[in-house]
Amino acid sequence: MKHKVIVMGTTFSQPTFKKRALAIITPFVSNHLVQQILCINLDPQRADPDECSVALYSKETNQLAIHDCTGEEATEPLGILKMTNAVEALDDTVDPDSIFLHQF
7 MKHKVIVMGT TFSQPTFKKR ALAIITPFVS NHLVQQILCI NLDPQRADPD ECSVALYSKE
67 TNQLAIHDCT GEEATEPLGI LKMTNAVEAL DDTVDPDSIF LHQF
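The sequence shown maps to residues 7 to 110 in my numbering.
Okay, structure coming up:
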């Protein structure tokens, strides 16, 4: 049985991203097939499209980290990961069949 990596793209306003990201990620955490969750948020009100926020969850280490475009990092009780962008997070070898993209 293959494990899954879920990749999501969102367009929430920056102040609400952390709360909404947690609401989106939480249901997937209990799924035994899901090993990693990556949520990339592009705030349409931001002038620079390169300024994105990232939430990353890893079941292997039971850690969740959120890095927002203002440079603030927030750690949830699950621990911390030091991955701050999609390229870094997906640079590992991942079975292409295990990646799903969802646009909210």
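Built from N, CA and C at the ideal position, the CB exists for glycine as well. Since the structure is predicted, the reported quantities are computational estimates derived from the model, not experimental observations.
Take residue i as the anchor and find which of the options has the nearest alpha-carbon.
i, options, result
"Leu-48", "Lys-10, Ala-71, Val-13, Phe-18", "Phe-18"
"Cys-58", "Val-35, Thr-67, Cys-45", "Cys-45"
"Lys-8", "Val-40, Thr-67, Ala-61", "Val-40"
"Glu-66", "Met-14, His-38, Arg-52, Gln-51", "His-38"
"Leu-70", "Pro-21, Gln-20, Ala-27, Met-14", "Ala-27"
"Asn-68", "Ser-36, Arg-52, Pro-50, Asp-54", "Ser-36"
Decide if residue i is buried, meaning its Cβ has at least 16 other Cβ atoms within 10 Å, or exposed.
i, result
"Ser-64", "buried"
"Gln-10", "In the sequence as displayed, the identity of residue 10 is Lys instead of Gln. When all chains shown are included, Lys-10 counts as buried."
"Ala-61", "buried"
"Ala-29", "exposed"
"Thr-32", "exposed"
"Thr-16", "buried"
Residue range of the alpha helix (DSSP H) that residue i falls in?
i, result
"Leu-6", "No answer is possible for residue 6: the residues shown for the chain start at 7 and end at 110."
Taking the beta strand (DSSP E) that residue i belongs to, which residues open and close that run?
i, result
"Gly-42", "It should be noted that the sequence gives Gln, not Gly, for residue 42. Taken as a continuous stretch (DSSP letters only), the beta strand (DSSP E) holding Gln-42 covers 40-48."
"Lys-10", "10-16"
"Gln-69", "69-73"
Please report the Cβ distance between residue i and residue j, rounded to the nearest whole angstrom; I am assuming they are in contact, meaning their Cβ atoms lie under 8 Å.
i, j, result
"Ile-12", "Ile-43", "5 Å"
According to the Cβ coordinates, are residue i and residue j closer than 8 Å?
i, j, result
"Asp-74", "Phe-34", "no"
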